[in-house]
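What follows is one structure encoded as structure tokens, with my remarks underneath.
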Amino acid sequence: MSRLVVENLTKIFSLGFFSRRHIEAVKNISFKIEGREIVSLVGESGSGKTTTAKMILRLFPPTSGKILFEGKDIWKDLKDQESIRDFRRKVHAVFQDPFASYNPFYPVERTLWQAVNLLEKKLSNKKEALELIKESLVRVGIDPKDILGKYPHQISGGQKQRIMIARCWILKPLLIVADEPTSMIDASCRGGIIQLLEELREVEGTSIIFITHDLGLAYYVSDNIFVMKDGEIVERGHPDKVVLEPTHEYSKLLVESIPKLYRKLEGL
Ligand SMILES: Nc1ncnc2c1ncn2[C@@H]1O[C@H](COP(=O)(O)OP(=O)(O)OP(=O)(O)O)[C@@H](O)[C@H]1O
Ligand SMILES: [Mg+2]
Numbered sequence: 000m001s002r003l004v005v006e007n008l009t010k011i012f013s014l015g016f017f018s019r020r021h022i023e024a025v026k027n028i029s030f031k032i033e034g035r036e037i038v039s040l041v042g043e044s045g046s047g048k049t050t051t052a053k054m055i056l057r058l059f060p061p062t063s064g065k066i067l068f069e070g071k072d073i074w075k076d077l078k079d080q081e082s083i084r085d086f087r088r089k090v091h092a093v094f095q096d097p098f099a100s101y102n103p104f105y106p107v108e109r110t111l112w113q114a115v116n117l118l119e120k121k122l123s124n125k126k127e128a129l130e131l132i133k134e135s136l137v138r139v140g141i142d143p144k145d146i147l148g149k150y151p152h153q154i155s156g157g158q159k160q161r162i163m164i165a166r167c168w169i170l171k172p173l174l175i176v177a178d179e180p181t182s183m184i185d186a187s188c189r190g191g192i193i194q195l196l197e198e199l200r201e202v203e204g205t206s207i208i209f210i211t212h213d214l215g216l217a218y219y220v221s222d223n224i225f226v227m228k229d230g231e232i233v234e235r236g237h238p239d240k241v242v243l244e245p246t247h248e249y250s251k252l253l254v255e256s257i258p259k260l261y262r263k264l265e266g267l
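The opening residue of the sequence shown carries number 0 in numbering that gives the first Met the number 0; numbering runs sequentially from there.
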């Protein structure tokens, strides 16, 4: 059984109460993700990547089509609170906009305490939980004393993204949907974060949907690449196929736009 199956997924947004304007953000896309697989969704701004991610995360329903996680339709089969909680434990998000992921009224570590509370295996006491939280922060390159007790407005965007990744490290989910997870992290730390995601894949068998504008990075990290344009997947396959032999005009353009130095270093 595939870990995730996306079948004929479509999302149409209706704008305004009286207007008849509709935006077809995602158009009839289908793909599968196996365990321990990293796939990248690559495409220009507005191509439907975040909309696809949010449907997979069960944040809003598709207009049509279905999403099966471990064989279960996430919109039809998860009915009671316990199965939804189980889904939240197994499928985790790292968002493009880390500002929207935090409640301004609580210290930022609240999100890590919530992760600890979601764990299936309960920890014996608060001290043990705090140790796990501190360890997760160190794993993402944060000194715990730099952020513990602080509120969202007191830490940087990059720190917020890293805390979301620390959350993944605590929960060890089966699927991570990472939407531009390193967009606010400086280049020197970016490699470490990607490595941490790869380590979760190696050790825990986590599957990852990696959303990025950067086809060069996608080439480097993924087992499969899906190129999106105007809500459709216009090219798909192994990174070598997509990057070295692109067939769609838009993928050719993306390959052309990989910076030259990068291409030289990667031997592309
Ligand atoms: N809640 C919404 N209501 C109406 N339209 C929306 C909504 N969310 C997204 N859209 C529209 O759907 C389309 C796809 O948006 P989406 O955010 O999925 O793009 P994206 O590929 O993630 O872009 P980016 O790379 O800039 O993050 C865009 O035209 C966007 O304006
Ligand atoms: Mg987006």
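Where a beta carbon is used, it is the ideal one built from N, C-alpha and C, also for glycine. Note that the coordinates shown come from a computational prediction; the quantities given were computed from them, not determined experimentally.
Just tell me which of L252, M227, S13 and P258 has its CA closest to the CA of S269.
-> Outside the modelled stretch of the chain, which goes from 0 to 267, sits residue 269, for which no answer is possible.
So does the segment 233-251 actually touch the segment 193-207, counting three or more Cβ pairs closer than 8 Å?
-> no
State yes or no: is the C-beta of E198 within less than 8 Å of the C-beta of K26?
-> Your numbering for residue 198 matches position 199 in the sequence shown. Your numbering for residue 26 matches position 27 in the sequence shown. No.
To which residues of the same chain is R141 closer than 8 Å at the C-beta, ignoring the five residues directly before and after it?
-> The count along the sequence shown starts at 1 and reaches residue 141 at position 142. One detail in the question is off: residue 141 reads as Ile in this sequence, not Arg. Within its own chain, the residues whose Cβ lies closer than 8 Å to the Cβ of I141, once the five positions on either side in sequence are excluded, are Q158, R161, I162 and A165, listed in chain order.
Would the C-beta of T49 count as close to ligand 2, meaning under 7 Å from any of its heavy atoms?
-> The residue given as residue 49 occupies position 50 in the sequence shown. Within the cutoff, so yes.
Over the uninterrupted alpha helix (DSSP H) stretch that includes L252, give me the two end residues.
-> As a first step, residue 252 must be located in the sequence shown, where it is residue number 253. Segment E248 to E255, the alpha helix (DSSP H) holding L252.
Since G42 and R2 are thought to touch, with beta carbons under 8 Å apart, how far apart are those beta carbons, to the nearest angstrom?
-> Counted from its first residue, the sequence shown places residue 42 at position 43. Counted from its first residue, the sequence shown places residue 2 at position 3. In fact, because the Cβ distance is near 22 Å, the residues do not count as touching under 8 Å.
CA nearest to the CA of G190, picked from L216, H21, R57 and H212 | Taking the sequence shown and counting its residues from 1, one reaches residue 190 at position 191. Residue L216 is the option with its Cα nearest to G190.
Cβ-based burial, V202 [other Cβ within 10 Å; buried from 16] | Looking up residue 202 in the sequence shown gives position 203. With fewer than 16 Cβ atoms within 10 Å of its Cβ, V202 is classed as exposed.
Cβ of H212 versus every heavy atom of ligand 1: is any distance shorter than 7 Å?
-> The count along the sequence shown starts at 1 and reaches residue 212 at position 213. Yes - ligand 1 has a heavy atom lying nearer than 7 Å to the Cβ of H212.
D229: beta carbon under 7 Å from a heavy atom of ligand 2?
-> Position 230 of the sequence shown, counting from 1, holds the residue named residue 229. Answer for D229: no, Cβ out of range of ligand 2.
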